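Participant: In this note's numbering, the protein residues as written are 558 to 843. This structure is in structure tokens; I'll ask about it shortly.
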Amino acid sequence: MDEATGIPIALEPLVTRVLAPNPSPYTFTGTQTHVVGTTDLAVIDPGPDDPAHLAALTAAIAGRPVRAIVITHHHRDHSPASRPLAFATGAPIVGAAPFAIHDEGAQTDAAFDADYAPDRVLEDGQGIAGDGWTLTALATPGHSSNHLAFALPEAQGGAGALFSGDHVMGWSTTVVSPPDGDMAAYMASLERLKGRDEAIYYPGHGDAVENPRRLVRHMIGHRRQREGQALRLLGERASALPELTRAMYAGLDERLLPAAERSVLAHLIDLERRGRVRRDGERWAI
Numbered sequence: 558m559d560e561a562t563g564i565p566i567a568l569e570p571l572v573t574r575v576l577a578p579n580p581s582p583y584t585f586t587g588t589q590t591h592v593v594g595t596t597d598l599a600v601i602d603p604g605p606d607d608p609a610h611l612a613a614l615t616a617a618i619a620g621r622p623v624r625a626i627v628i629t630h631h632h633r634d635h636s637p638a639s640r641p642l643a644f645a646t647g648a649p650i651v652g653a654a655p656f657a658i659h660d661e662g663a664q665t666d667a668a669f670d671a672d673y674a675p676d677r678v679l680e681d682g683q684g685i686a687g688d689g690w691t692l693t694a695l696a697t698p699g700h701s702s703n704h705l706a707f708a709l710p711e712a713q714g715g716a717g718a719l720f721s722g723d724h725v726m727g728w729s730t731t732v733v734s735p736p737d738g739d740m741a742a743y744m745a746s747l748e749r750l751k752g753r754d755e756a757i758y759y760p761g762h763g764d765a766v767e768n769p770r771r772l773v774r775h776m777i778g779h780r781r782q783r784e785g786q787a788l789r790l791l792g793e794r795a796s797a798l799p800e801l802t803r804a805m806y807a808g809l810d811e812r813l814l815p816a817a818e819r820s821v822l823a824h825l826i827d828l829e830r831r832g833r834v835r836r837d838g839e840r841w842a843i
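Here you go:
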């Protein structure tokens with residue numbers, strides 16, 4: 558993967574990638590904005606509100622009409638640049654629903670773009686079209702409650718591509734952080750993708766996924782393995798969340814432990830709903 562930021566990389570005739578300069582332990586090399594189309598365009602996940610990235614997107618657009626700015630979900634590394642880009646191009650912001658904050662935990666989560674306000678919400682199966690391309694929304698909640706993927710059937714010579722946002726990534730498993738993230742919804746979305754036949758996925762982070770069905774099957778197996786691991790450890794003794802996470806993720810980079818803890822909590826909440834574990838104060842037990 559070419560990790561140069563701000564340089565348009567043609568992935569195929571209908572798809573160009575521009576990497577934002579926001580690498581981190583959580584975003585890998587940065588957020589990938591995808592520009593779809595040739596004579597008229599859609600811009601998928603314009604990324605952070607960064608002047609250099611916006612300048613790079615403007616250069617990649619090269620004066621062509623932008624039919625829509627398309628958002629997979631409301632996290633701050635994906636949607637904030639939609640507003641200045643909409644102002645510059647006149648294009649509507651479409652895609653994921655605006656995020657409704659329901660509790661203090663979500664309200665204080667720095668990952669959320671609280672100002673995200675689409676002009677049009679795309680429901681599952683709805684889409685937009687341009688000259689030689691169509692994008693169809695696919696509801697894939699789990700990483701976030703409003704997460705959408707977008708199918709491009711004209712890509713790959715008609716074999717199709719899926720812009721998978723953060724639901725399926727090319728470098729790491731996805732963080733599922735309650736209360737907005739939901740493990741049961743995430744697993745159901747993976748099962749839905751397992752039945753699809755796109756030839757390639759273009760994720761928000763990491764390399765393109767060239768055998769997506771194999772990766773999706775692996776991801777489902779990995780999550781089931783983590784669930785089984787949590788149940789085995791709790792069967793040995795009741796544990797608080799930090800203790801359980803460290804046991805499950807031995808040797809993990811300390812910087813990533815908070816994210817791992819959120820995904821373990823998502824597993825525990827799912828197991829609690831299914832009557833497999835119970836919460837006793839700060840501790841969890843079978």
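The beta-carbon is built from N, C-alpha and C at its ideal position, and this holds for glycine as well. Computed from a predicted model, the values in this text were never measured in an experiment.
I need the DSSP call for G778, collapsed to helix, strand or coil.
Facilitator: Of the three classes helix, strand and coil, the one that applies to G778 here is helix, per DSSP.
Participant: Whole angstroms is fine: what's the gap from R830's alpha carbon to G687's?
Facilitator: Cα-Cα distance, rounded: 44 Å.
Participant: CB-CB under 6 Å to P710, same chain, minus the five flanking residues each way: which ones, in chain order?
Facilitator: Cβ within range, chain order: G717.
Participant: Identify whether G594 lies in helix, strand or coil by the three-state DSSP scheme.
Facilitator: It is a strand residue.
Participant: Of all the options T693, I685, L772 and A654, which has the alpha carbon lying nearest to the alpha carbon of R674?
Facilitator: According to the sequence shown, residue 674 is Ala rather than Arg. That would be A654, whose Cα lies nearest to the Cα of A674.
Participant: Is it buried or exposed, R574, if we count other Cβ atoms within 10 angstroms and call 16 or more buried?
Facilitator: R574 should be labelled buried.
Participant: Can you list, in chain order, the residues of its chain whose CB lies under 7 Å from that of R835, leaving out five sequence neighbours each side?
Facilitator: Contacts found: E829 and A842.
Participant: Measuring straight from C-alpha to C-alpha, what distance separates W690 and G594?
Facilitator: Spanning the two alpha carbons is a distance of roughly 6 Å.
Participant: Taking R677 as the reference, which of L598, Q589, A797 and G652 has the closest Cα?
Facilitator: R677 has its Cα closest to that of G652, out of L598, Q589, A797 and G652.
Participant: Taking one C-beta from the stretch 598-612 and one from the stretch 620-637 each time, how about it: are there three or more such pairs within less than 8 Å?
Facilitator: Contact holds: three or more Cβ-Cβ distances are below 8 Å.
Participant: Do P578 and A609 have their C-beta atoms within less than 8 Å of each other?
Facilitator: Result yes, Cβ atoms of P578 and A609 sit closer than 8 Å.
Participant: Tell me the DSSP secondary structure of Y759 in three-state form.
Facilitator: Of the three classes helix, strand and coil, the one that applies to Y759 here is strand, per DSSP.
Participant: Is the stretch 731-739 touching the stretch 765-772, taking contact as three or more C-beta pairs under 8 Å?
Facilitator: Result no; under three Cβ-Cβ pairs closer than 8 Å.
Participant: Extract the residue ranges of the alpha helix (DSSP H) inside the stretch 620-671, only unbroken runs of 4 or more that lie entirely within it.
Facilitator: Counting only runs of 4 or more, we get 639-646 and 661-664.
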